[in-house]
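Residue numbers for the sequence shown follow our numbering, so the first one is 34 and each next one is one higher. By construction, the Cβ of each residue, glycine as well, lies at the ideal position given by its N, Cα and C atoms. Inspection log for the structure reproduced underneath, given as structure tokens.
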Amino acid sequence: MTTSRPYGPTDAEQTLLDRVRELTSDFAANAAGYDERAEIAVGNLESLHAAGVTRAILPEHLGGEGIGYQAFGELVRVVSEADPSTATLLTMHSGAGVGLAELTRDTLGDFFATEFLSGKRFANALSEPTSGNRFLNPQQEAVPVDGGWSLDGAKRFVSGSELADYLLVNALVQGEPTFFAVVPDETVTIIPIWDTLGLRATRSQLLSFSGTVLRADHRGRSPRPGDFAVVPAGLPAISLGIADAALAALVAHASGRQILGRPLSHQQWVQHAVADAQTRLEAAHALFQRSLWQADQGDPAFFSNLSRSKYLANKTAVEVAQLAVRVGGASGYLRTSPIQRHLRDAEAGQLMAYSTEVLATEIGKEVLNVEDEVA
Ligand SMILES: Cc1cc2nc3c(=O)[nH]c(=O)nc-3n(C[C@H](O)[C@H](O)[C@H](O)COP(=O)(O)OP(=O)(O)OC[C@H]3O[C@@H](n4cnc5c(N)ncnc54)[C@H](O)[C@@H]3O)c2cc1C
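In structure tokens, the structure reads:
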């Protein structure tokens, strides 16, 4: 196998990561407030853009700097450790922006790349009430009208949709899943039901489409191997960042809390449980790093290994956060403790497509050589 990138970030990528790390202490300090208010931390998104993150993420052939997968994964993880809602918004915005520039490359690609670089906001409006987790298999049929197709229906959990200048939308056109850029107009409205347990500051709203025209000249091709897989690479990193934050909160609590004159960290059950959790977390990090490295080499195995990374990262984050709740005791259960927030956020990772259940089916079938119906 030819190696096109080293293991780990390049010098330029490391400089970017250092810049982002500097921003994240503020992100971490304010995360609880944004979560409490279910408010998007717009300032975080603006600082990431100002730090050069947008230009770094856009692939070189689309006019950006073309950050590698390993650096992208670490960037999202670092942001997520401080504020996972910001990391989720960064991932979804970048996935939609890079996606639209790539999918419409032969037509409007330059326009979307320029808009992305200028700081315009993008959102993925893919999940539907009826397709659930299979967000690339829309069930809603768009019907032909002058200049394109008309969509009546809904898209759910559209992270950052209130800020979005452009939406990446899919729908069935003559029975085929088809991708479009949509500029939200009066036919696209928000059904304000956003009040969730976790990742509250993503404001992933339910959108209603009423006769929205999916313009023929805004139509893109389908995603294909070779496209920069922003969302699949970002999702494991979100959960790993949450797990890292939960472990840090656990350690801080166990070190500071005195029980019968000794720190809680001196209790053997805590040491054994932490050994188990931390070792699993290291393994999840290692699998993710290897998958990203494979992606940077162009090894096609990376895609199914990213699925495994998401599966393991999602589950490990919940396990670590649950342990943090046990170690935190009643004080970790207070709203003022970060521990309860990490558990709520960790749960969301498992729900985001593809969910751990859907991934388990895919991975299990692959291992067992089962080639049958779509689950
Ligand atoms: C915080 C957050 C942010 C999100 N952001 C975005 C976004 O920006 N854009 C976007 O398009 N979507 C987004 N989503 C949506 C997400 O990615 C999923 O597509 C969506 O949550 C799944 O829909 P659902 O709630 O209907 O769950 P369902 O799909 O109904 O899942 C319910 C249960 O059924 C299981 N299940 C579902 N399908 C299968 C199957 N085929 N086989 C086996 N089990 C199955 C699931 O694992 C789960 O346990 C977001 C979700 C969350 C929680």
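- Message: Just verifying my parser: in three-state terms, what is the DSSP assignment at tryptophan 182?
- Response: Strand at tryptophan 182.
- Cα separation between glutamate 219 and asparagine 347? 37 Å
- Task: State the Cα-Cα distance for the pair asparagine 170 and valine 206, rounded to the nearest angstrom.
- Result: Distance from the CA of asparagine 170 to the CA of valine 206, rounded to the nearest whole angstrom, comes to 12 Å.
- Item | Alpha-carbon to alpha-carbon, tyrosine 67 and alanine 334 | Their Cα atoms are separated by approximately 38 Å.
- Message: Suppose the cutoff is 6 Å on Cβ atoms and the five residues either side in sequence are ignored; what does the same chain contact list for leucine 356 look like?
- Response: Ala306, Ala310
- Extent of the continuous alpha helix (DSSP H) run through threonine 87: 86-90
- For glutamine 26, which residues does DSSP report across the bridge? Residue coverage of the chain in this structure runs from 34 to 408, which leaves residue 26 outside it and unanswerable.
- Quick one, which of Ile275, Ser298, Ala276 has its alpha-carbon nearest histidine 286's? Ser298
- Query: Around the Cβ of histidine 94, are there at least 16 other Cβ atoms within 10 angstroms (buried) or fewer (exposed)?
  - Reply: exposed
- Task: Please state whether DSSP places glutamine 172 in a helix, a strand or coil.
- Result: coil
- Sequence-distant residues of the same chain with beta carbon closer than 7 Å to alanine 386, five excluded per side: Scanning its chain for C-beta atoms nearer than 7 Å, with the 5 sequence neighbours on each side dropped, one finds around alanine 386 the residues Ser160, Asn166, Phe168, in chain order.
- For arginine 154, which option in Arg295, Asp139, Gly132 has the closest C-alpha, if you only look at C-alpha atoms? Gly132
- Message: Taking 6 Å as the limit between beta carbons, can you name the residues of its chain near aspartate 143, skipping five residues before and five after?
- Response: Close CB contacts of aspartate 143 within its chain, under the 6 Å cut and outside five residues either way in sequence, are absent.
- Task: Starting from the Cα of leucine 384, find the closest Cα among Phe190, Tyr366, Ile100, Val403 and give me that residue.
- Result: Phe190
- Message: At the level of alpha carbons, what is the spacing between threonine 124 and threonine 245?
- Response: 26 Å
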